[in-house]
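Engineer: For the sequence shown, my numbering puts the final residue at 458, and the numbers step up evenly by one. Every residue, glycine too, gets a C-beta built ideally from N, C-alpha and C. Sharing a structure below in C-alpha cells format, with a few things to ask.
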Amino acid sequence: PLWSIIPFAGILLSIAIGPLVAPHFWHHHFPKVSAGWALVFAVPFLLAYRGAAMYEVLHIYLVDYIPFIILLWGLFTVSGGILVRGKLKGSPVVNTVLLLIGTVIASWVGTTGAAMLLIRPLIRSNKDRQSKVHIIVFFIFLVANVGGSLTPLGDPPLFLGFLHGVSFFWTMKLIPMMSFVAVILLVLFFIIDTVLYKKEQSSPSAAPAEAGEQEKIKIVGLFNLIFLLGIVFSVLMSGTVHLGEVNVGGVHMGLQNILRDVLIVVMGLLSLKFTSQALRKENEFSWFPIQEVAYLFAGIFMTIIPALAILRAGEHGALAFLIAAVKEPSHYFWVTGILSSFLDNAPTYLVFFNSALGQLMPGVPEAAAVPELMTTHKIFLEAISCGAVFMGANTYIGNAPNFMVRSIAEESGIKMPSFFGYMLWSGGILMPLYFVVALVFF
C-alpha cells in the first residue's frame, strides 16, 4: 500500500529539514536518524512478512547497496589521490572549461568518477570568489548527471540497460539530447558567472589581484589513473562476463559481480598504499563525504523497498493508475525522470524499460524485443534513458555524486542550499529546459 512509503518520506524530510532546524544535532546524529527510519520500516516489515521480507532486505543490501557504496568508495578514494597544483584562477572562462571537460569525460569514467576528479580543483580555483554556490550547482547539473548520458559506464541506469541487451554504443544516439541540454546549461552558466564575476571585481571588498609570477599548473598522482581505469574495467567486465552464481541467504549473486566489487576494493587499497598522505592532505581529502553518503543511503535503501515493490507491481500495484497512463514517449520521459529524482534511478529505469517492452511488444521474449526497442521503437528507449539520467539532477538524492559534491563543497566552507533550496535551482533552471527537451525530441 502507498502508506508503506511513509518511512521513506520521513528520511527524505529529515535530510531536507534536519540541517536547517537543528544543524548541530543533525551533524552529530544523522547516522542515528537514518538508522531510526530504517528500523521504523524494517521491524514491522520483518514481523509481517518474515522470510519474504528477509529476502527483500538481503537482496537490496547485497545486490544494490553494497556494490553501490563500494563503487563510490573506490572512485572517491582513487580520485582523492590526484592533485592539481598551481593557481587556476576561477574566471568564467576557466570555470566553463572545467565544467565542459567534466561533462565530456563523465560518460567514460562515470558521473561519480568525473565529479570526484574535478570538484576539488574547481573549488580551489574559486576559493577567492565571493559567489560560489551557482558554480557547484551547475557542476552537479552537468558533471554529476547530464554528462553521463552517452555510455553504460556513465550512469547506473544505462548500465542496467546494457545488462538487459542494449548494445554498448547504442546510447550514443542520445548525443543530440545531451548536447542540447549541455550547451544551453554551459551558456547559461557562463552568462551568470560573468555577471557575478564582474560584480565581484567592481566591489570595494574585492580581493586585490595577486602580484608575482603565475604558478604553473601541475597534476600530481597521475598514476592513480591506472587504478581509475581498473575500476572502469571491473564495471565493464561484470556486464560482459558470466562466471556463474552463488546463493547467499536465498539471494542469487553473480560471481562476476562479486569479482568486480573485490577488484574495486583492491584498486582503492592500492591507491591508498601508493599515494602519500601528504598529497591527500594537500588535496584536502577526508573520509566524511563518503561516510555521510554511506550512512544516509543505508537508511534510504531500506525504506525504499516498498516504493520499488509498488513500481515493480506495475498495473497490479498501488500506482497502477500512473503506470497505465504512461503511453507516449513524452510520458516515459517525464514519469521515469520525476520518479528518478527521488527514487534510485537504476530500478526506476528498469521498471519503465520493461513497461515499454510489455506495451509495445507484448509476449515477445526480451532477447527478441530489446533489438526492436533499440530500432523500431528507439524514441521510447531514448525517452526512458534521458529521463533517468537527466532528472537525477533534480534533487540531492537523485544521483549519488550529487550528495558527495554537496558534502565536499560544504566541507570547503561553501554554504550550499538546503534540500528544498537546491530544488528551487533545479525547478527554475532544469524543469523549463526539460519541458523544451520533451517538446523537441519526444
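#1: Would you mind stating whether Leu91 and Thr128 have Cβ atoms separated by less than 7 Å?
#2: Residue ranges of each beta strand (DSSP E) run of no fewer than 3 residues wholly in the segment 74-135, ordered along the chain?
#3: Would you mind sorting Val49 into buried or exposed? The rule is 16 or more other CB atoms within 10 Å of its CB.
#4: Pick out whichever of Leu104, Lys103, Ala372 and Val149 has its Cα sitting closest to the Cα of Leu440.
#5: Considering only residues of the same chain and omitting the five flanking positions on each side of Val248, which have a CB-CB separation below 8 Å?
#6: Among the residues of its own chain, which have a CB less than 6 Å from the CB of Phe61, if the five just before and after it don't count?
#7: Grouping DSSP H, G and I as helix and E and B as strand, with all else coil, what is Asn418?
#8: Measuring CB to CB, does Leu36 end up less than 7 Å from Ser292?
#9: DSSP three-state label for Ile22, please.
#10: Between which two residues does the beta strand (DSSP E) harbouring Met269 extend?
#11: Excluding the five sequence neighbours on either side, which residues of its own chain have a C-beta within less than 8 Å of the C-beta of Ile82, listed in chain order?
#12: How is Asn263 classed by DSSP in three states: helix, strand or coil?
#13: Val236 lies in the beta strand (DSSP E); which residues open and close that run?
#14: Using 8 Å as the cut-off, can you tell me whether the segment 242-258 makes contact with the segment 266-275, which would need three or more C-beta pairs spanning the two stretches below that distance?
#15: Would you say the segment 424-432 touches the segment 323-338, given that touching needs at least three Cβ pairs under 8 Å?
#16: Just tell me which of Ser95, Ala38, Tyr213 and Phe24 has its CA closest to the CA of Phe57.
#17: Quick check: the segment 157-164 against the segment 186-198, are at least 3 beta-carbon pairs closer than 8 Å?
#18: Does DSSP classify Ser219 as helix, strand or coil?
#19: To the nearest angstrom, report how far apart Asp144 and Glu298 are at their CA atoms.
#20: Using beta-carbon positions only, say whether Ile400 and Phe368 come within less than 7 Å of one another.
#21: When DSSP labels each residue in this structure, what does Ala227 get in the three-state scheme?
#22: Keeping to the same chain, check which residues put their C-beta closer than 6 Å to that of Ser147; ignore five residues upstream and five downstream.
#23: If Ile27 sits next to Gly315, beta carbons under 8 Å apart, how far is it from one beta carbon to the other, in whole angstroms?
#24: From Ile33 to Asn415, what does the alpha carbon distance come to, in whole angstroms?
#25: Please confirm if the segment 344-361 is in contact with the segment 297-311, defined as three or more CB-CB distances below 8 Å between the two stretches.
#26: Helix, strand or coil for Met377? Go by DSSP, reduced to three states.
#27: For the putative contact between Leu312 and Ile31, defined by C-beta atoms under 8 Å, what is the C-beta separation to the nearest angstrom?
#28: Taking the alpha carbon of Tyr77 as the point to measure from, which residue in Phe317, Gly443, Gly429 and Trp42 has its own alpha carbon closest?
#29: Quick check on Glu382: buried or exposed, where buried means 16 or more other Cβ atoms within 10 Å of its Cβ?
#30: Identify the continuous alpha helix (DSSP H) that holds Pro173 and give its terminal residues.
#31: Specify, as a first and last residue, the run of the alpha helix (DSSP H) that Phe406 falls within.
#32: Keeping to the same chain, check which residues put their C-beta closer than 7 Å to that of Phe458; ignore five residues upstream and five downstream.
#33: To the nearest angstrom, how far is it from the Cα of Leu286 to the Cα of Ile156?
#34: Expressed to the nearest angstrom, what Euclidean distance is found between the alpha-carbon atoms of Phe290 and Pro137?
#35: Under a three-way DSSP split, which group does Asn240 fall into?
#36: Classify Ile152 as helix, strand or coil using the three-state DSSP reduction.
Structural biologist: Taking the coordinates as given:
#1: For the purposes of this step, residue 91 is taken as the residue at position 75 of the sequence shown. For the purposes of this step, residue 128 is taken as the residue at position 112 of the sequence shown. Yes. Within cutoff.
#2: 99-101
#3: Within the sequence shown, the letter at position 33 stands for residue 49. Buried, since its Cβ has 16 or more Cβ neighbours within 10 Å.
#4: Counted from its first residue, the sequence shown places residue 440 at position 424. Answer by Cα proximity: Val149.
#5: Here residue 248 refers to the residue found at position 232 of the sequence shown. So the list reads Trp124, Val125, Gly126, Gly129 and Leu169, once near-sequence residues are dropped.
#6: Reading the sequence shown from its first residue, position 45 is the one you call residue 61. Within the same chain, Phe61 has close Cβ partners Ala69.
#7: Residue numbering aside, residue 418 sits at position 402 when the sequence shown is read from its first letter. Looking at Asn418 - three-state DSSP - the assignment turns out to be helix.
#8: Here residue 36 refers to the residue found at position 20 when the sequence shown is read from its first residue. Here residue 292 refers to the residue found at position 276 when the sequence shown is read from its first residue. No; because the gap between Cβ atoms is not below 7 Å, this pair is not in contact.
#9: What you label residue 22 is simply residue 6 of the sequence shown in a count that begins at 1. Residue state, collapsed to three classes: helix.
#10: What you label residue 269 is simply residue 253 of the sequence shown in a count that begins at 1. Start and end: Val267 to Gly270.
#11: Position 66 of the sequence shown, counting from 1, holds the residue named residue 82. Excluding positions up to five away in sequence, the list reads Asp277.
#12: In the sequence shown, the residue the question calls residue 263 occupies position 247. In the structure shown, Asn263 sits in a strand (DSSP, three-state: E or B).
#13: For the purposes of this step, residue 236 is taken as the residue at position 220 of the sequence shown. Looking at the DSSP string, the run of the beta strand (DSSP E) that includes Val236 is Lys234 to Val236.
#14: yes
#15: no
#16: To locate residue 57, count along the sequence shown from 1; it is residue 41. Comparing Cα positions, the closest option is Phe24.
#17: yes
#18: By 1-based counting over the sequence shown, the position of residue 219 is 203. Of the three classes helix, strand and coil, the one that applies to Ser219 here is coil, per DSSP.
#19: Your numbering for residue 144 matches position 128 in the sequence shown. Your numbering for residue 298 matches position 282 in the sequence shown. Approximately 18 Å between the Cα atoms of the pair.
#20: The count along the sequence shown starts at 1 and reaches residue 400 at position 384. The count along the sequence shown starts at 1 and reaches residue 368 at position 352. For Ile400 and Phe368, yes; Cβs fall inside 7 Å.
#21: For the purposes of this step, residue 227 is taken as the residue at position 211 of the sequence shown. Confidence is the limiting factor: at Ala227 the pLDDT is only 43, short of 50, which leaves the residue's position unreliable, though a coordinate-based value still follows. Note: Ala227 maps to coil in three-state DSSP.
#22: Against the sequence shown, residue 147 aligns to sequence position 131. If we look at Ser147 and ignore the five residues flanking it on each side, its Cβ neighbours are Leu212.
#23: In the sequence shown, residue 27 corresponds to position 11, counting from 1. In the sequence shown, residue 315 corresponds to position 299, counting from 1. Yes, they are in contact, since the Cβ atoms of Ile27 and Gly315 sit about 5 Å apart, within 8 Å.
#24: Position 17 of the sequence shown, counted from the first residue, corresponds to residue 33. Position 399 of the sequence shown, counted from the first residue, corresponds to residue 415. Roughly 19 Å separates the two Cα atoms.
#25: no
#26: Position 361 of the sequence shown, counted from the first residue, corresponds to residue 377. In the structure shown, Met377 sits in coil (DSSP, three-state: anything other than H, G, I, E or B).
#27: Your numbering for residue 312 matches position 296 in the sequence shown. Your numbering for residue 31 matches position 15 in the sequence shown. Between Ile31 and Leu312 the Cβ distance is about 6 Å, and since that is below 8 Å, they are a contact.
#28: Taking the first residue of the sequence shown as position 1, residue 77 is located at position 61. Residue Phe317 is the option with its Cα nearest to Tyr77.
#29: The residue you call residue 382 lines up with position 366 of the sequence shown. Answer is exposed; the Cβ neighbour count stays below 16.
#30: Numbered from its first residue, the sequence shown carries residue 173 at position 157. First-last of the alpha helix (DSSP H) with Pro173: Pro172 to Leu179.
#31: Counted from its first residue, the sequence shown places residue 406 at position 390. Start and end: Lys394 to Phe406.
#32: Numbered from its first residue, the sequence shown carries residue 458 at position 442. Answer for Phe458: Pro345, Ser346, Phe349, Ile395 and Ala399, listed in chain order.
#33: Locating residue 286 in the sequence shown gives position 270, where the first residue counts as 1. Locating residue 156 in the sequence shown gives position 140, where the first residue counts as 1. For Leu286 and Ile156, the distance between alpha carbons rounds to 28 Å.
#34: For the purposes of this step, residue 290 is taken as the residue at position 274 of the sequence shown. For the purposes of this step, residue 137 is taken as the residue at position 121 of the sequence shown. Phe290 and Pro137: Cα-Cα distance of roughly 21 Å.
#35: Sequence index remark: in the sequence shown, residue 240 carries index 224 (1-based). Asn240: helix per DSSP, three-state reduction.
#36: The residue given as residue 152 occupies position 136 in the sequence shown. Three-state DSSP puts Ile152 in a helix.
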